[in-house]
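In what follows, a single structure is set out as structure tokens and then discussed.
If you want it as structure tokens, here you go:
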């Protein structure tokens, strides 16, 4: 696919014009040797682009021209310094390099409005500002439950603005490329090139050659989702090329008592408590999203709660079932939860909405402003006495579960709506009792909502400097201790809500070691010994020396998920499943064995730990109720690309992403070189013409004299 082309792999020679002499040289280098190009360009290999996304109504994001955009580098040192690239500078267009403190809505919009003088922007993430959220002030406001018809007073965040710091930058469109630099060494190379060649001293003119940068990030999709999907469906050849793809992946699900995975629809006499959290997050640069508070704090808490419930639910099964649901794509108009609700309504899931007893969703829970966490509920559905009574019971179960812990659950006022949450998509379908758990009473505590600053440092995930990576993995941080307590309370409350025996409740405790290992793996380094042991051998490549990607990405081929989904799937399997004695071959074909069934369970062959004094892993087979469920918006199954009910977000295809710097000669020298080239060309043509017209004279054969004597 076009999108999958590796960075730096070119479809052809990108020529931005004769004004850039070295690009012409690059075209010649393709004929002769790459060594010339290597001497001209310095490739920047550790960059992350802003890409184009589309929905039913418009497009957002960034792109370059088809041949890349080139500009003279200008390092922005203050907002006042914008005057040079936007008006004073004599060599437009400019490629503006700025540190993260200057990456603001104000500065970006000024450059957007003067885009004829701005070739592109490169952001260097440094220290975190006091606050920064490029998301909107009212996330997912048009696809939640609070519409004009549901309750006009609560629509559009009229009552509570959840993300007051949101500046909406991620939802702007820029017609120039915007990249993020991830490598300090590359940043220093660019700055040195700028200081050596481009920096203005006392307003004096610049001396050639100048340091320039070229960015490639051309996007194929334009206008909106309906347009790009229609263009992709036009069959010009036997293999039509898609210009955009739907966002989506898979939800991760597990029941404490599994159902037959092929028997869809309503289950008689079955009542299910849904425990939910979202997986994904986003940032302006999509691959930069880490979502430490935004998503990781919630799903790590739910994973720890699932582990804490494993033993209690096996020893004394509660009367109701519990479904652990981890929704993907929630940032983009609730892709995962809306898909599950759609499948439940249409008998495409193993239970339906009538089987759902109540919902407990875990939101942002790691940034407390005190000792309280807050219980949010829907004031509209609570006008029904039955719903109100069940919500009240769930609140009691939660509040009583904090006994002996260092925090309390406090209910918010009835007049306030739910924060942005997957629970809203269930309420959009029908009234269901439920609670959304969060660390904020009104507006988010998260100062970096959906930005690249919402990372490990934001959660104070710090380690003593003398610890090795493996020692950091085992080090129980204060954040881990805090989330462990939340997970303990959640697990106890779920057990009570499912009708579990109260005598078992105090035996339910989350494990701080598990929580700290998960935080390390999800926010610091996924390639660690614990994650390695829990993964299948064929999936070991999803582990990296950094956190996984939290951007949902585009929908994959069948049975292919992104790294985050696999990590959560295998963690949930190991934390809630059972280690068996099955061999590797039996693990792959368990249906051939008595008492094993792939209809009821999934079977994962995992690598296992390396014992002390050994080099061989002790691999084993895990039997688990964990399943993946499709998390792609129903709009794409229905062909409704202008849907107002479901998410319509797509991501544009591109050929390749590339960034490089080089020295550019003056216009006079370029014109001189061009003139000399043209003169040589015409001289060659004249010489060729002269030679061809006089060829019979110049190349006539010399006659041999006749020999008269024999």
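Residue numbers (UniProt numbering): 1 to 710.
Idealized CB from N, CA, C, for every residue including glycine.
It should be emphasised that the depicted structure is a prediction, and the values quoted were computed from it without experimental measurement.
Cβ shell of residue i (< 6 Å), same chain only, five flanking positions each side left out
{"i": "residue 313", "result": "256"}
{"i": "residue 451", "result": "132, 133, 134, 283"}
{"i": "residue 197", "result": "210, 211"}
{"i": "residue 577", "result": "622, 623, 624"}
{"i": "residue 229", "result": "641"}
{"i": "residue 259", "result": "350"}
{"i": "residue 61", "result": "50, 51, 52, 53"}
{"i": "residue 99", "result": "124, 126"}
Strand pairing of residue i, partner residues [DSSP]
{"i": "residue 386", "result": "None; residue 386 has no bridge partner."}
{"i": "residue 682", "result": "Its beta-bridge partners do not exist; DSSP assigns none."}
{"i": "residue 74", "result": "96"}
{"i": "residue 375", "result": "411, 437"}
{"i": "residue 658", "result": "216"}
{"i": "residue 580", "result": "621"}
{"i": "residue 711", "result": "The structure shown does not extend to residue 711, since the chain is modelled only from 1 through 710, so no value can be given for it."}
{"i": "residue 528", "result": "Paired residue(s): none; residue 528 is not in a bridge."}
{"i": "residue 276", "result": "325, 361"}
{"i": "residue 89", "result": "In DSSP, residue 89 forms no bridge with anything."}
{"i": "residue 248", "result": "632"}
{"i": "residue 67", "result": "Bridge partners of residue 67: none, in fact."}
{"i": "residue 255", "result": "323"}
{"i": "residue 60", "result": "53"}
{"i": "residue 166", "result": "133"}
{"i": "residue 638", "result": "Looking at the DSSP assignment, residue 638 forms no beta bridge with any residue, so it has no partner."}
{"i": "residue 211", "result": "663"}
Beta-carbon proximity list for residue i, same chain, < 8 Å, skipping 5 on both sides
{"i": "residue 371", "result": "406, 407, 408"}
{"i": "residue 272", "result": "255, 320, 321, 322, 323, 351, 355, 356, 357"}
{"i": "residue 711", "result": "The structure shown does not extend to residue 711, since the chain spans only 1 to 710, so no value can be given for it."}
{"i": "residue 153", "result": "159"}
{"i": "residue 469", "result": "525, 528"}
{"i": "residue 46", "result": "181, 182, 183, 186"}
{"i": "residue 467", "result": "475"}
Inter-residue spacing [alpha-carbon to alpha-carbon] between residue i and residue j
{"i": "residue 712", "j": "residue 522", "result": "With the chain represented from 1 up to 710, any question about residue 712 goes unanswered, as that position is not in the structure."}
{"i": "residue 227", "j": "residue 209", "result": "44 Å"}
{"i": "residue 569", "j": "residue 82", "result": "48 Å"}
{"i": "residue 28", "j": "residue 65", "result": "Its pLDDT being 42, under 50, residue 28 is placed unreliably in this model, and the value from its coordinates should be taken loosely. Roughly 22 Å between the two C-alpha positions."}
{"i": "residue 349", "j": "residue 264", "result": "5 Å"}
{"i": "residue 186", "j": "residue 44", "result": "7 Å"}
{"i": "residue 395", "j": "residue 181", "result": "46 Å"}
{"i": "residue 23", "j": "residue 674", "result": "Low per-residue confidence applies at residue 23: pLDDT is 39, beneath 50, and the placement is therefore not dependable enough to give any value."}
{"i": "residue 311", "j": "residue 305", "result": "11 Å"}
{"i": "residue 164", "j": "residue 639", "result": "35 Å"}
{"i": "residue 58", "j": "residue 492", "result": "45 Å"}
{"i": "residue 558", "j": "residue 337", "result": "19 Å"}
{"i": "residue 160", "j": "residue 317", "result": "40 Å"}
{"i": "residue 53", "j": "residue 268", "result": "43 Å"}
{"i": "residue 359", "j": "residue 380", "result": "16 Å"}
{"i": "residue 563", "j": "residue 250", "result": "11 Å"}
{"i": "residue 346", "j": "residue 399", "result": "36 Å"}
{"i": "residue 192", "j": "residue 215", "result": "19 Å"}
{"i": "residue 690", "j": "residue 697", "result": "11 Å"}
{"i": "residue 613", "j": "residue 107", "result": "58 Å"}
Residue i CB to nearest heavy atom of the ligand ADP below 8 Å
{"i": "residue 342", "result": "This structure lacks the ligand ADP, and indeed carries no ligand of any kind."}
Cβ neighbour criterion (16 or more within 10 Å) applied to residue i
{"i": "residue 175", "result": "exposed"}
{"i": "residue 425", "result": "buried"}
{"i": "residue 604", "result": "buried"}
{"i": "residue 79", "result": "exposed"}
{"i": "residue 687", "result": "exposed"}
{"i": "residue 599", "result": "exposed"}
{"i": "residue 537", "result": "exposed"}
{"i": "residue 386", "result": "exposed"}
{"i": "residue 677", "result": "exposed"}
{"i": "residue 184", "result": "exposed"}
{"i": "residue 74", "result": "buried"}
Residues near residue i by beta carbon distance below 7 Å, same chain, minus five either side
{"i": "residue 333", "result": "140, 143, 647, 649"}
{"i": "residue 298", "result": "277, 278, 362, 363, 364, 365"}
{"i": "residue 33", "result": "Confidence at residue 33 is low in this model, with a pLDDT of 45, below 50, so its placement is unreliable and no value can be given for it."}
{"i": "residue 167", "result": "105, 133, 134"}
{"i": "residue 118", "result": "85, 93, 94, 96, 111, 176"}
- Message: Tell me whether the segment 85-98 and the segment 143-151 touch, counting them as touching only if at least three CB pairs, one residue from each stretch, are closer than 8 Å.
- Response: no
- Task: Determine, using beta-carbon pairs with one atom in the segment 522-541 and one in the segment 482-489, whether at least three such pairs fall under 8 Å.
- Result: no
- Task: Take every Cβ of the segment 334-351, pair it with every Cβ of the segment 425-434, and state whether three or more of those distances are shorter than 8 Å.
- Result: yes
- Are the segment 585-597 and the segment 536-544 in contact at 8 Å, needing three or more beta carbon pairs? no
- Task: Answer yes if the segment 511-522 comes into contact with the segment 464-477, meaning at least three C-beta pairs across the two stretches below 8 Å, and no otherwise.
- Result: yes
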